[in-house]
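This report refers to the structure that appears directly beneath it.
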Amino acid sequence: MTYTRAEFPIESHSAPFHEVDCQVKSNEAINDEYYLLILNAPPEILDCKPGQFFHLLCPSKDGRSPYLRRPMSIYGYFPDKGELHFLYKAVGEGTRTMAQLEAGERLNVLGPLGSGFTIRDEWQNLLIVARGVGLATLAPLAQEALRKGKNLTAICSARSPEMLMSVERFRALGANVLTVTDSEGTSGVDDLEGLIESRIAQSGVDVFYTCGSNRLLKLLQRLGAKHGIAGEIALEQQMACGIGMCQCCVRSLRRGGEIVYERVCKEGPVFDLQEAMEW
Amino acid sequence: MTYTRAEFPIESHSAPFHEVDCQVKSNEAINDEYYLLILNAPPEILDCKPGQFFHLLCPSKDGRSPYLRRPMSIYGYFPDKGELHFLYKAVGEGTRTMAQLEAGERLNVLGPLGSGFTIRDEWQNLLIVARGVGLATLAPLAQEALRKGKNLTAICSARSPEMLMSVERFRALGANVLTVTDSEGTSGVDDLEGLIESRIAQSGVDVFYTCGSNRLLKLLQRLGAKHGIAGEIALEQQMACGIGMCQCCVRSLRRGGEIVYERVCKEGPVFDLQEAMEW
Amino acid sequence: MVDLAVKIGSVALKNPIMPASGTFTEDLAGVFDLDLLGAHVTKTITPEKRIGNPTPRVCEVQGSMLNSIGIPSKGVDHFVREIVPIYQKFSAPLIVSISGNTMDEFARICEKVSVPGVAAIEVNISCPNIEEDGKAFAMRPSTTLRVMKVLRGATDLPLWAKLTPNTGETPDVARAAESGGADALVVSNTLLSMAIDVKTRKPKLGNLMGGLSGPALKPISLRMAYQCAKSVNIPVIGCGGIETVEDVVEYLIAGASAVQVGTATFVNPTTMPRLIDDLRAWLFAEKFQSVNDLIGSVRDDEAADSVVFMEAAP
Amino acid sequence: MVDLAVKIGSVALKNPIMPASGTFTEDLAGVFDLDLLGAHVTKTITPEKRIGNPTPRVCEVQGSMLNSIGIPSKGVDHFVREIVPIYQKFSAPLIVSISGNTMDEFARICEKVSVPGVAAIEVNISCPNIEEDGKAFAMRPSTTLRVMKVLRGATDLPLWAKLTPNTGETPDVARAAESGGADALVVSNTLLSMAIDVKTRKPKLGNLMGGLSGPALKPISLRMAYQCAKSVNIPVIGCGGIETVEDVVEYLIAGASAVQVGTATFVNPTTMPRLIDDLRAWLFAEKFQSVNDLIGSVRDDEAADSVVFMEAAP
Ligand SMILES: Cc1cc2nc3c(=O)[nH]c(=O)nc-3n(C[C@H](O)[C@H](O)[C@H](O)COP(=O)(O)OP(=O)(O)OC[C@H]3O[C@@H](n4cnc5c(N)ncnc54)[C@H](O)[C@@H]3O)c2cc1C
Ligand SMILES: Cc1cc2nc3c(=O)[nH]c(=O)nc-3n(C[C@H](O)[C@H](O)[C@H](O)COP(=O)(O)OP(=O)(O)OC[C@H]3O[C@@H](n4cnc5c(N)ncnc54)[C@H](O)[C@@H]3O)c2cc1C
Ligand SMILES: Cc1cc2nc3c(=O)[nH]c(=O)nc-3n(C[C@H](O)[C@H](O)[C@H](O)COP(=O)(O)O)c2cc1C
Ligand SMILES: Cc1cc2nc3c(=O)[nH]c(=O)nc-3n(C[C@H](O)[C@H](O)[C@H](O)COP(=O)(O)O)c2cc1C
Ligand code: FES
Ligand code: FES
Chain A
1 MTYTRAEFPI ESHSAPFHEV DCQVKSNEAI NDEYYLLILN APPEILDCKP
51 GQFFHLLCPS KDGRSPYLRR PMSIYGYFPD KGELHFLYKA VGEGTRTMAQ
101 LEAGERLNVL GPLGSGFTIR DEWQNLLIVA RGVGLATLAP LAQEALRKGK
151 NLTAICSARS PEMLMSVERF RALGANVLTV TDSEGTSGVD DLEGLIESRI
201 AQSGVDVFYT CGSNRLLKLL QRLGAKHGIA GEIALEQQMA CGIGMCQCCV
251 RSLRRGGEIV YERVCKEGPV FDLQEAMEW
Chain B
280 MTYTRAEFPI ESHSAPFHEV DCQVKSNEAI NDEYYLLILN APPEILDCKP
330 GQFFHLLCPS KDGRSPYLRR PMSIYGYFPD KGELHFLYKA VGEGTRTMAQ
380 LEAGERLNVL GPLGSGFTIR DEWQNLLIVA RGVGLATLAP LAQEALRKGK
430 NLTAICSARS PEMLMSVERF RALGANVLTV TDSEGTSGVD DLEGLIESRI
480 AQSGVDVFYT CGSNRLLKLL QRLGAKHGIA GEIALEQQMA CGIGMCQCCV
530 RSLRRGGEIV YERVCKEGPV FDLQEAMEW
Chain C
559 MVDLAVKIGS VALKNPIMPA SGTFTEDLAG VFDLDLLGAH VTKTITPEKR
609 IGNPTPRVCE VQGSMLNSIG IPSKGVDHFV REIVPIYQKF SAPLIVSISG
659 NTMDEFARIC EKVSVPGVAA IEVNISCPNI EEDGKAFAMR PSTTLRVMKV
709 LRGATDLPLW AKLTPNTGET PDVARAAESG GADALVVSNT LLSMAIDVKT
759 RKPKLGNLMG GLSGPALKPI SLRMAYQCAK SVNIPVIGCG GIETVEDVVE
809 YLIAGASAVQ VGTATFVNPT TMPRLIDDLR AWLFAEKFQS VNDLIGSVRD
859 DEAADSVVFM EAAP
Chain D
873 MVDLAVKIGS VALKNPIMPA SGTFTEDLAG VFDLDLLGAH VTKTITPEKR
923 IGNPTPRVCE VQGSMLNSIG IPSKGVDHFV REIVPIYQKF SAPLIVSISG
973 NTMDEFARIC EKVSVPGVAA IEVNISCPNI EEDGKAFAMR PSTTLRVMKV
1023 LRGATDLPLW AKLTPNTGET PDVARAAESG GADALVVSNT LLSMAIDVKT
1073 RKPKLGNLMG GLSGPALKPI SLRMAYQCAK SVNIPVIGCG GIETVEDVVE
1123 YLIAGASAVQ VGTATFVNPT TMPRLIDDLR AWLFAEKFQS VNDLIGSVRD
1173 DEAADSVVFM EAAP
C-alpha cells in the first residue's frame, strides 16, 4: 500500500524515496561469489543518482527471515527499460536468502536513498579505483561521467582475473580500464601508487572516486593531498532504518579540525575523501 | 539424523517412537475446511494403535514459522502401503501452513505417541459417536474393531451433510453408519439420546467411544452410568513436548473419589469415559 | 464510522498510534503524511551535546534487533531552536523525550523544553545514569519517585514516564511514577541484551551490550503494560514489538490507551499508517464503535488477584 | 580428536551439553541414548505434592513460547524413592533441581535429596516464593545471599544456583549467590511474560502470565551469562534459547563452562545429541583442541570495564 505524501508540509531536504514491491526479472550467479539481480521497477524509483543505494527487505527462505533490511548500492538504473540492477556478494544470511530469489518473485525495496557522487563541471579527468563490490557502487558513476563527456579511467582490482567483474561494463561505456590482481601480484599499494602517479603525470587527474578499503583510502588521501586532487569515497556501515532516523550508521569524519559524525544513510554514503577516516 | 537407542537402559514403559522426515505423497482439501494429508512413512513409525497421535513440525511458509509442534491423531496407518494419513481442519497458523504442503515436500513427524483405545475381547457391540475431526481419531479404531470381528455402529454428527466426512470410510469398513446433522435438525442431545437408547434396546452396546465435545461427554457418561456401559474418550490439550516431559498437557480426571491430573500426551489421549471431566 | 480518538490525560490523540522515541524523525515524511499519526515523539535529547556510542550500534538477533545508539544529541538549545518549529507545521501533538545524567540536569532540561508547541514531555527514566551507578532511575521505586517529584516541580506540561523492563519491580515502579506526578506511563524501553560474533569472538555491538527491541520483546512489555494498567490510575501507553494490528489490539485489551511503534518502522516504514487502517478495519469487523470500548477489556476475572502482581515466572 | 570434557567445580561432564530443568525426563530415552549427554537435570521438585497451575499451561509467541506449568510435584519422598534409582543406570551425573516456598522448606528438601547417586543440587531460587511476597529469592542480592547460606548449611553436595532474568541486578545477585556458597550459577530461568488471545480477549495462559523461553530469550540470558562470568569465580552454566551450535558457542565464548537446552528439545527431540556432534565438528573446523580453550574467550578488551556492569539498555 502507498500512503499519500501530498500534504507533506516540510521543506523536503531529501529527494523523494519510495517503498515498493518489485518483481524479480532475473537473479543469477555471475561467478562463485557474486550475483546480479535485475528487478522490474516503476519509474518513480528510477530517478537515481550514482552512489545512492536501496534498502532491501530480504525474503524469508527455509524458515530463516533476516529481520532488518540490507543496504545495497545501485549497480544500474534504466528508466527506459524499467530496470533496477544490484550486484552483490552472498556473505551472510540476508544476501544468501537474496541469492535464492527466483524470477517472478517479489522483493520489497526502499529507495533511492542517500546522497550520491558529485561530478563538478570543471572536472575533466576522472579516476575510479575500485575493488570487489565497490565496482557495483561505481558503475553508475562511470555511466554518468561518460554521459557528461568526461575522460574516465577505471582501475579495477581483484583477487584473480576471474573475479574481475564489470570490466566489460566499464569498457562498453567507453572508460579506459586498467586491471590489477592479487594473483598476478599487481594489486599491491606500491604498484597502485605507481600506476596512479603515471596516470597523473600522463593526462592529469581532477578527481578520485573510490569505495571500500582502508588501504585504498590511505593511498588516495596521500596522493590527493600531494597533488591537490579532489576525491570522494563511498562508505559502509550497519544500518537499521536507512532513512536517517535511528542514528546507528554514523561514521567519524575529520572536518575543520574537529571530529564529526555523519550518517552513512543520509549525509552519505558518499563522503569527501580527505574527511573520511580509517576504521 | 537418528541417534541410537540401542543402549537404552530404562525398562521402556512406553512403546518406541521416532522422529522422522517423511515425504508428502498428497495433501488435498476434501471440503471447505478439512484436508487429507498422506505421507510416505517408514515401517518403524507405522506400528500404531488406534487413538495414538503424531506430533508434527509444521513447515515454515511465507515467513511464518509456527514454533511448537502440532498434535494430530492418526487417521490411517498402512504398513503395507507405507502410508500414514492425517485428517485435519485448518484453524490457525500451524494447520494453515500444513495446508500449503505440496506433494514431494517433507514433513518432520514424531510418533506414534500416547496410549490408544482399548478393545476388550468381551466387548462385542461397539458404538462410536463422533463429530468433526473426531472422526479422524476414530477411523483407525473402526478398522481395528472390524478386523477383530466386532459389531460396530458409528454415529457421525456434523453441521451439514456436506461436512460428513469419513462416512464412506466407515461404511467401506463394514460399520453400520448413522448420520445426524445440525442443518437437518437431527443432531441435538435429545435426538442423539433417543438414537443411542434405541440402539442399546435393539442390539445392546458394550462400549462407547467418542472424542471431543462436552455435550457428547455428558450424554454418554449419563447413558453409560445408567446402563453400565463402558466407555473411552480421546481428549485434547495444548502440547509442547508431546512425549511426557513438560507437563503442560494435563487434564483433570475423577478417580477414586479424588481429582487426579494426567498427561494427554502420555497417559492419554484416550481416557476412561466416566473419569473424564468437562472443561 | 469507528471512533479512533483517545485521550492521554489532557492530550487528545486522533488515533492511538504514535512512534517510539529514537525510531522516528521528520525524515519519515518522505514515506507518508506524518499528520496521519496520533502524535509525534522525538528522540531523547540531553542538555549538552553528546556523541553517542561506538559503532556497530545495531545488530540482528533472531527475528529482532539490539541497539546501543547511546543518546547522540545536539543539545537542548539546538532542539528548541531548530527541531520544535519543524513540528509546528503538523497538527499532531508533539511529545518531546528528554533525559539527564543527574536529577539536576534532568530538571533543567525539563524546564527548557517546556515551550509552546510541546504537548507533553516523555521522561526517559529508563537509561543508565551517573548518580545511580549506571542504573536507570526506573529500575527502583525509590529512585523513580525521587526523580519524578523533581521533574514534576520543573514543568506544568504533562509528564509521560518511560519505564524500563530491566527491573523485577514493575508494579511498584509504576505506582512510584504515579505518586511522583507522572500523567502517563510509557511501557516500555528496551531490555539489556548481548550478541557475540562466533567467528571474530567479538561482541556484535561496539558498546558490548544493548537493548532488545522488536517482536521478541512483545510478550515482556505486554506483561508490563498489563501490570501497570492494573497498578495505576493514569493512562498507560504500550510499547515493544508491535508489528501487526493484533499486536496493537493485544496491548489495548491489556489496558494500554495508546501504543508506540519502534523497530517495525525500520523494517517497513509504512507500518504506522497501515496499523491505523488495520485497527479501524479490525474494530469495525468486531463491531466496536470506539476504540475506547476495547481498552482494558481483558477477561482476566478467572485469575486470582494475587497472580496479577506475580513478578517472577513460575 | 577434540576434547569436549568440562568441569563444573567437582562435577566432571564428558561434554558441556545438558538439559534444562523442567524440559527433560527419562521419557526422552525413547528418542536417543541419554548417556550421550553431559549431565541429567531433573524437573524442579518441592517438598510436598503439588498440582501445578491451571491449563492452558503453554502458548506460542512469535518464534518462542510461554509456559506456566507451576511446579506439579509428587513430593520429594516419591522422587528419592522412584526417580533417583532410574538415573543410576546411566553414567552421566544426575543433577536434581529443587525449590521451596520458604527458606525452611527449601533447606529441608535440600537435605532430603542429598542422597547417593545425586551429583549436584540445582537450587531453583528463581521461582516466586511466599516469604518474599511472591518475589523470587534471586530477584535481590540480599534474599539470594540469605537463602544460599541456609542451603549451604543443609548439604555437602555441590549447589548450582539458578538465577532469574526478572531482576535489574544480575551482577550483584551473582556475587551474592557466590558468597552464599553456590558452586556454580545456572543462567537463567524464564522471563515473566504475557499473551492475550485477541478473539476471546482472554490471557492465553490459565495463570495469566508465564515465563518466556526459546530463541527470543537468548540475547537476554546470554547477556546475563556474560555479566555473571565477569562477576564471579565459580563456573557459569548458560541457559536460554539455545537451538544451534552457534548458540552454544556464543555462550561458551561469553564465559559459560557448559549449557542447558530447554525448549529446543520440544521442537526437535534430538537437539541435544545433534548439538554435541555439531560442537565437536565446529571446534575441529576452528582448530580447537579442547572446548576449554573456547570458554570465556570473548574479545571484549576494547570495551571499558564500566560497560560490563551496565544494567540498563542505553
Ligand atoms: C551503502 C551501502 C551499499 C552497499 N552496497 C553493496 C553492494 O552493492 N553489493 C554488495 O554485495 N554489498 C553491498 N553492501 C554491503 C551489504 O549491505 C552487506 O554485504 C549485507 O548487508 C550483508 O548482509 P548479510 O545478511 O548477508 O550478512 P551478515 O553478515 O549476516 O549481516 C549481519 C548484519 O550486518 C550488516 N552488514 C554486514 N556487512 C555489512 C556491510 N558491509 N555494510 C553494512 N552492513 C553490513 C547486515 O546488513 C546485517 O544487518 C553495501 C553496504 C552499504 C552500507
Ligand atoms: C491428541 C490430539 C489429536 C488431535 N487430532 C487432530 C486431528 O486429527 N485433526 C485435527 O484437525 N485436529 C486435531 N487435533 C487438534 C489440533 O492439534 C489443533 O487443531 C492444532 O494444533 C491447531 O493448530 P493451529 O496452529 O492451526 O491453531 P492455533 O489456534 O493457531 O494454535 C495455537 C496453539 O494452540 C494449540 N492448539 C490449538 N487448538 C488445539 C487443540 N484443539 N488441541 C491441542 N492444541 C491446540 C496449537 O497446537 C498451538 O500450539 C488434535 C489435538 C490433540 C491434542
Ligand atoms: C535504534 C533505537 C533507538 C532508540 N532510542 C531511544 C531513545 O532515544 N529514547 C527512548 O526512550 N527509547 C529509545 N528506544 C526505545 C524505543 O523507543 C522503544 O521503547 C523500544 O524500541 C521498544 O519498541 P519496539 O519493539 O517497537 O522497537 C530506541 C530504540 C531503538 C531500536
Ligand atoms: C515447560 C517448561 C518447564 C520448566 N520448568 C522448570 C522447572 O521446573 N525448574 C526450573 O528451574 N526451570 C524450568 N524451566 C526453565 C528452563 O529450565 C530454562 O531455564 C528456560 O526454559 C530457558 O531455556 P530454553 O530457552 O532453552 O528453554 C521450564 C521451562 C519450560 C519451557
Ligand atoms: S540507518 Fe538509521 S540513521 Fe542511518
Ligand atoms: S506435551 Fe509435554 S507432557 Fe504432554
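Chains A, B, C and D, in that order, give the protein sequences.
Numbering-wise, the first sequence is residues 1 to 279 according to the working numbering.
Numbering-wise, the second sequence is residues 280 to 558 according to the working numbering.
Numbering-wise, the third sequence is residues 559 to 872 according to the working numbering.
Numbering-wise, the fourth sequence is residues 873 to 1186 according to the working numbering.
The beta carbon of each residue, even a glycine, is placed where N, CA and C say it ideally should be.
> For GLY390(B), which of helix, strand or coil comes out of DSSP?
Replying inline: strand
> Unbroken alpha helix (DSSP H) runs of length 4 or more, entirely within the stretch 173-222 of chain A: which are they?
Replying inline: 189-203
> Using a C-beta to C-beta distance shorter than 8 Å, which residues of chain A count as neighbours of LEU586(C)?
Replying inline: ILE243, MET245
> Buried or exposed: which applies to SER779(C), given that a residue is buried once 16 or more other Cβ atoms fall within 10 Å of its Cβ?
Replying inline: buried
> Does the beta-carbon of VAL903(D) have 16 or more other beta-carbons within 10 angstroms, so that it is buried, or is it exposed?
Replying inline: Under this definition VAL903(D) is a buried residue.
> Along chain B, in chain order, which residues have C-beta atoms closer than 8 Å to that of GLY935(D)?
Replying inline: SER344, TYR346
> Bridge partners of GLY1083(D), per DSSP?
Replying inline: DSSP, once it has assigned bridges, lists ASN939(D), LEU1064(D) as partnering GLY1083(D).
> What do you get for MET873(D), buried or exposed, if any count of 16 or more other CB atoms within 10 angstroms of its CB means buried?
Replying inline: exposed
>> Threshold first: 4 residues or longer. Then list the alpha helix (DSSP H) segments lying entirely within the stretch 692-735 of chain C, N to C.
In response: 699-710
> So VAL1059(D) is in the beta strand (DSSP E); what residue range does that whole segment cover?
Replying inline: 1056-1059
>> So within the stretch 892-979 of chain D, which uninterrupted alpha helix (DSSP H) runs reach at least 4 residues, ignoring any that extend past its ends?
In response: 956-959
>> Taking its Cβ as the centre, do 16 or more other Cβ atoms sit within 10 Å of VAL883(D), making it buried, or is it exposed?
In response: Counting Cβ neighbours within 10 Å, VAL883(D) comes out buried, since at least 16 surround it.
> Going by alpha carbons, who is nearest to CYS525(B) out of GLU898(D), GLY989(D), ASN1164(D), SER1051(D)?
Replying inline: GLU898(D)
>> For a test of the three-state rule: what should DSSP assign to ASP47(A), helix, strand or coil?
In response: Three-state result, ASP47(A): coil.
>> Using a Cβ-Cβ cutoff of less than 8 Å, which residues in the same chain neighbour GLY675(C) once the five nearest sequence positions on both sides are dropped?
In response: VAL642, PRO643, TYR645, GLN646, LEU652
>> Do VAL794(C) and ALA822(C) have their beta-carbon atoms positioned less than 8 Å apart in this structure?
In response: no
> Is any beta-carbon of chain B found at less than 8 Å from that of PHE896(D)?
Replying inline: yes
> When the cut-off is 8 Å and only beta carbons count, does PRO729(C) lie next to chain A?
Replying inline: no
> How would you write the range of the alpha helix (DSSP H) that LYS776(C) sits in, first residue to last?
Replying inline: It spans 776-789 - the alpha helix (DSSP H) in which LYS776(C) sits, taken as one unbroken run.
> Would a C-beta distance cut-off of 8 Å place LEU1089(D) and GLY1110(D) closer than the cut-off?
Replying inline: Against a cut-off of 8 Å, the Cβ pair of GLY1110(D) and LEU1089(D) comes out as no contact.
>> For VAL250(A), would you say it is in contact with chain C, using Cβ-to-Cβ distances shorter than 8 Å as the test?
In response: Chain C, which has a Cβ nearer than 8 Å to the Cβ of VAL250(A), makes this yes.
>> Among the candidates GLY411(B), PHE449(B), SER339(B), GLY507(B), whose CA atom is the shortest distance from the CA of GLU372(B)?
In response: SER339(B)
> For ILE1109(D), which beta-bridge partners are listed by DSSP?
Replying inline: In DSSP, ILE1109(D) forms a bridge with VAL1058(D), ALA1130(D).
> Count the other CB atoms within 10 Å of the CB of ARG953(D); is the residue buried (16 or more) or exposed (fewer)?
Replying inline: exposed
>> Strictly below 7 Å CB to CB, what residues from chain B border GLY1086(D)?
In response: TYR346
> Could one say the Cβ of TYR261(A) lies closer than 8 Å to chain C's Cβ atoms, at least one of them?
Replying inline: yes
> Just how far apart, CA to CA, sit ARG284(B) and ARG159(A)?
Replying inline: Reliability fails at ARG284(B), whose pLDDT of 49 lies under 50, so the model's placement of it is uncertain and the value that follows must be treated cautiously. Cα to Cα, the separation comes out at about 50 Å.
> Whose CA, out of LEU386(B), GLU447(B), GLU401(B), lies closest to the CA of ALA415(B)?
Replying inline: GLU447(B)
> Name the residues in the stretch 903-918 of chain D whose C-beta lies less than 9 Å from a C-beta of chain B; which are they?
Replying inline: The stretch 903-918 of chain D vs chain B, Cβ under 9 Å: VAL903, PHE904, ASP905, LEU906, ASP907, LEU908, LYS915.
> So what's CYS22(A) in DSSP terms, helix, strand or just coil?
Replying inline: strand
> Just by C-beta distance, which residues in the stretch 747-764 of chain C are closer than 7 Å to chain A?
Replying inline: none
>> Any heavy atom of ligand 3 inside 7 Å of the beta-carbon of CYS617(C)?
In response: No heavy atom of ligand 3 is found nearer than 7 Å to the CB of CYS617(C).
>> Please list the terminal residues of the continuous beta strand (DSSP E) segment that includes ARG530(B).
In response: 529-534
> With a Cβ-Cβ cutoff of 8 Å, do MET1081(D) and ARG781(C) count as a contact?
Replying inline: yes
> Should GLN100(A) be labelled buried (16 or more other beta-carbon atoms within 10 Å of its own) or exposed?
Replying inline: exposed
> Would you call HIS636(C) buried or exposed, if buried means 16 or more other Cβ atoms sit within 10 Å of its Cβ?
Replying inline: By the neighbour-count rule (16 or more Cβ atoms within 10 Å), HIS636(C) is not buried but exposed.
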